[in-house]
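*Asks:* Chains as they are written, first to last, in the numbering used here: chain E, 449 to 658; chain Y, 449 to 658.
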DNA sequence: CCTGTTTTGTGAAATAAGTAACAAAAAACT
DNA sequence: AGTTTTTTGTTACTTATTTCACAAAACAGG
Ligand SMILES: NC(=O)c1ccc[n+]([C@@H]2O[C@H](COP(=O)([O-])OP(=O)(O)OC[C@H]3O[C@@H](n4cnc5c(N)ncnc54)[C@H](O)[C@@H]3O)[C@@H](O)[C@H]2O)c1
Ligand SMILES: NC(=O)c1ccc[n+]([C@@H]2O[C@H](COP(=O)([O-])OP(=O)(O)OC[C@H]3O[C@@H](n4cnc5c(N)ncnc54)[C@H](O)[C@@H]3O)[C@@H](O)[C@H]2O)c1
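1. CB of residue 638(E) to nearest heavy atom of ligand 1: below 7 angstroms?
2. Compile a chain-ordered list of the residues in the segment 496-520 of chain Y whose CB is closer than 7 angstroms to at least one CB of chain E.
3. For residue 603(Y), decide whether its Cβ has a neighbour in chain E, counting only Cβ atoms nearer than 8 angstroms.
4. List the DSSP bridge partners of residue 568(E).
5. Rounded to a whole number of angstroms, what is the C-alpha to C-alpha distance between residue 651(Y) and residue 449(E)?
6. List, in chain order, every chain Y residue whose beta-carbon is nearer than 8 angstroms to that of residue 581(E).
7. Ordered along the chain, which non-local residues of its own chain (more than five positions away) have a Cβ less than 6 angstroms from that of residue 511(E)?
8. Going along the chain, which unbroken runs of the alpha helix (DSSP H) with 4 or more residues stay wholly within the segment 573-645 of chain E?
9. Determine, for residue 449(Y), whether the minimum Cβ-Cβ distance to residues of chain E falls below 8 angstroms.
10. Mind listing the chain Y neighbours of residue 466(E)? Cutoff is C-beta to C-beta under 7 angstroms, in chain order.
11. Kindly examine ligand 2 and report whether one of its heavy atoms sits closer than 7 angstroms to the Cβ of residue 576(Y).
12. Cβ of residue 620(E) versus every heavy atom of ligand 1: is any distance shorter than 7 angstroms?
13. For residue 487(Y), would you say it is in contact with chain E, using Cβ-to-Cβ distances shorter than 8 angstroms as the test?
14. According to the Cβ coordinates, are residue 516(E) and residue 463(E) closer than 8 angstroms?
15. Taking a contact to mean a Cβ-Cβ separation below 8 angstroms, would you say residue 560(Y) touches residue 595(Y) in this structure?
16. Strictly by DSSP, which residues pair up with residue 511(Y)?
17. Report buried or exposed for residue 659(E), applying the criterion of at least 16 other Cβ atoms within 10 angstroms of its Cβ.
18. Using a beta-carbon distance below 8 angstroms, is residue 452(Y) in contact with chain E?
19. Closer than 8 angstroms by beta-carbon distance: list the chain E residues that pair up with residue 655(Y), in chain order.
20. Given a cut-off of 8 angstroms on the beta-carbon distance, is the pair residue 609(E) and residue 629(E) in contact?
21. With 8 angstroms set as the bound, which would you pick, yes or no: does the beta-carbon of residue 546(Y) sit closer than that to a beta-carbon of chain E?
22. So residue 497(E) is in the alpha helix (DSSP H); what residue range does that whole segment cover?
23. Nearest by alpha-carbon distance to residue 578(E): which of 570(E), 584(E), 562(E) is it?
24. Determine the DSSP secondary structure at residue 554(Y), reduced to helix, strand or coil.
25. Can you name the residues of chain Y whose CB is closer than 7 angstroms to the CB of residue 651(E)?
26. Pick from 531(E), 646(E), 451(E), 638(E): whose alpha carbon is nearest that of residue 520(Y)?
27. Does the beta-carbon of residue 569(Y) have 16 or more other beta-carbons within 10 angstroms, so that it is buried, or is it exposed?
28. What is the DSSP secondary structure of residue 560(E), reduced to helix, strand or coil?
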């Protein structure tokens, strides 16, 4: 099992690039097409593929269709992945309303909140009380959850998701969650991402002067 | 100039942990307090500090106040950073309404959109036509921008921001932007983050079985 | 069918990042 | 005052990731 996160991110990017290339009429691609598309070296592309046992044809490159298929298999995108969201606030809403997930094979199946004014059992994406999470997740065998609740509630929501049988979580709360068992937690911390930009801007300014 | 992104991210985390520790009454901390707080090894903490010339006292650890100050200087957080947002859709709204930025020294100064129904010149955070970006950014000497427009508009917005004198961008559009000049672009791709979770969940399931 | 060209696939080399180890400084204790 | 303990700061080591380089395969053109 390859545990290099940036490598997996690249696979996703290759896949996205391939869809674009296919739309442009490409039937086969070379490692340097993909490299250009996502901004890495051709040898990185081939190395990544080699790691996952993906092989093309010497001098013939890779068949776009079959490559997309292989990447989707590795990335677990053979069938639509159902996802639940906990916390229908700013971030939760943004994700729920986002149209782009569908074409990526991601489906927001339901949202859960503690605020009863937000419940809407019959809408396209139902908004349900937290208490119904376990039932819902088990019935639909959902494995992926998003945490978009206030910081102080995040740990308890993670624990609940773990108890429901969720296996992987994307967490927006800016704190370190203690994951029990074998649940995968991926953190997105937007403040940190902004601070990161600020650091690099300042750092660049300083080196420019000197 | 240190260009290791994860290192900078750790500095931000140290800083956040230090605020929490200070609130708890800590006046000095040891490398292993910080290590515990953010989940790395004490030697990593000391190495990071060493890289930036931060030093403490042998057997006495680090003074919390002065450490926070040094980190804030490195991270460019001495004064409030003003930020503009392009695209007041799902993500743009979520960011604009988020209360947490203020206490991090980040201020959303304005949003820019092409949809005239969204304009509100007099609200707390003004929402202005795109055309006014240059004037606004120059007048306020703003250096940081967020791109939260639809994918196809993202490149043109980046170009515009570059022309306005913006130096760093946090981009939510899931495509590779061509950055001209010395502008820093940090991409947040939420689909990719979700796909990443899905990969690791599947990978873990497979290794569990075998 | 042979020769030249292109492009893959992978092992080796280089670079980067993280971990360990330990001397030196400073405080605490006797 | 001297000994022990603690904790830093840095160098050396280890591991991870990226880049290079080149043989082998595949096709193209004569
Ligand atoms: N909005 C942003 O731009 C932004 C930026 C950075 C970080 N974050 C982080 O993302 C998380 C969500 O932020 P937000 O702005 O969307 O918050 P929010 O306050 O807008 O929404 C939180 C939602 O969670 C619900 N909630 C509260 N407790 C709950 C619980 N125990 N179980 C289920 N639902 C519960 C609330 O009813 C509310 O609907 C926070 O941790 C925040 O720090 C958000
Ligand atoms: N919402 C999400 O959860 C989510 C998830 C993943 C990725 N993204 C990405 O984030 C970006 C924004 O997504 P969203 O859901 O907020 O989009 P959205 O469609 O809700 O909002 C886009 C906003 O940008 C404005 N706009 C359009 N063209 C513009 C231009 N040239 N200049 C300025 N404003 C312009 C629109 O009027 C609208 O207000 C997209 O690239 C999307 O792919 C969003």
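The beta-carbon is built from N, C-alpha and C at its ideal position, and this holds for glycine as well.
These figures come from a predicted structure and were not determined experimentally.
*Replies:* Considering the structure as presented:
1. Taking the first residue of the first chain as position 1, residue 638(E) is located at position 190. For ligand 1, at least one heavy atom lies less than 7 angstroms from the Cβ of residue 638(E).
2. none
3. By one-based count along the second chain, residue 603(Y) stands at place 155. Closer than 8 angstroms: no.
4. Mapped onto the first chain, residue 568(E) falls at position 120. Answer is 575(E).
5. Taking the first residue of the second chain as 1, we reach residue 651(Y) at position 203. Taking the first residue of the first chain as 1, we reach residue 449(E) at position 1. In a straight line, the C-alpha of residue 651(Y) is about 6 angstroms away from that of residue 449(E).
6. For the purposes of this step, residue 581(E) is taken as residue 133 along the first chain, with counting starting at 1. None at all; the shortest Cβ gap to chain Y is about 18 angstroms.
7. Residue mapping note: residue 511(E) aligns to position 63 of the first chain, counting from 1. 476.
8. Counting whole runs of 4 or more residues, the segment 573-645 of chain E contains the alpha helix (DSSP H) stretches 581-588, 599-612.
9. Here residue 449(Y) is taken as the residue at index 1 of the second chain, counted from 1. Yes, residue 449(Y) counts as interfacial toward chain E.
10. As a first step, residue 466(E) must be located in the first chain, where it is residue number 18. Ordered by position in chain Y, no residue passes the 7 angstroms Cβ test against residue 466(E), which lies about 14 angstroms from the chain.
11. Taking the first residue of the second chain as 1, we reach residue 576(Y) at position 128. Outside the cutoff, so no.
12. As a working mapping, residue 620(E) is identified with position 172 in the first chain. Checking every heavy atom of ligand 1 against the Cβ of residue 620(E), one is found closer than 7 angstroms.
13. Residue mapping note: residue 487(Y) aligns to position 39 of the second chain, counting from 1. With 8 angstroms as the cut-off, residue 487(Y) counts as an interface residue toward chain E.
14. Position 68 of the first chain, counted from the start, is the residue given in the question as residue 516(E). Position 15 of the first chain, counted from the start, is the residue given in the question as residue 463(E). Contact: yes.
15. To locate residue 560(Y), count along the second chain from 1; it is residue 112. To locate residue 595(Y), count along the second chain from 1; it is residue 147. Not a contact, by the Cβ cut-off of 8 angstroms.
16. Position 63 of the second chain, counted from the first residue, corresponds to residue 511(Y). Note: residue 511(Y) sits in a beta bridge opposite 476(Y).
17. The question about residue 659(E) has no answer here: the residues shown for chain E are numbered 449 through 658.
18. By 1-based counting over the second chain, the position of residue 452(Y) is 4. No, its Cβ sits nowhere closer than 8 angstroms to a Cβ of chain E.
19. In the second chain, residue 655(Y) corresponds to position 207, counting from 1. Within 8 angstroms Cβ-Cβ: 449.
20. Residue mapping note: residue 609(E) aligns to position 161 of the first chain, counting from 1. Residue mapping note: residue 629(E) aligns to position 181 of the first chain, counting from 1. Not in contact: residue 609(E) and residue 629(E) (Cβ atoms no closer than 8 angstroms).
21. Position 98 of the second chain, counted from the first residue, corresponds to residue 546(Y). Yes, contact with chain E.
22. Locating residue 497(E) in the first chain gives position 49, counting from the first residue. From DSSP, the alpha helix (DSSP H) with residue 497(E) extends over 490-499.
23. Position 130 of the first chain, counted from the first residue, corresponds to residue 578(E). Comparing Cα positions, the closest option is 562(E).
24. Stepping through the second chain from its first residue, residue 554(Y) is reached at position 106. Residue 554(Y) falls in the strand class under three-state DSSP.
25. To locate residue 651(E), count along the first chain from 1; it is residue 203. The answer, in chain order, is 449.
26. Residue 520(Y) sits at position 72 when you count from the first residue of the second chain. The shortest C-alpha separation from residue 520(Y) is found at 646(E).
27. Indexing the second chain from 1 puts residue 569(Y) at position 121. Exposed, by the Cβ-count rule.
28. Reading the first chain from its first residue, position 112 is the one you call residue 560(E). It is a strand residue.
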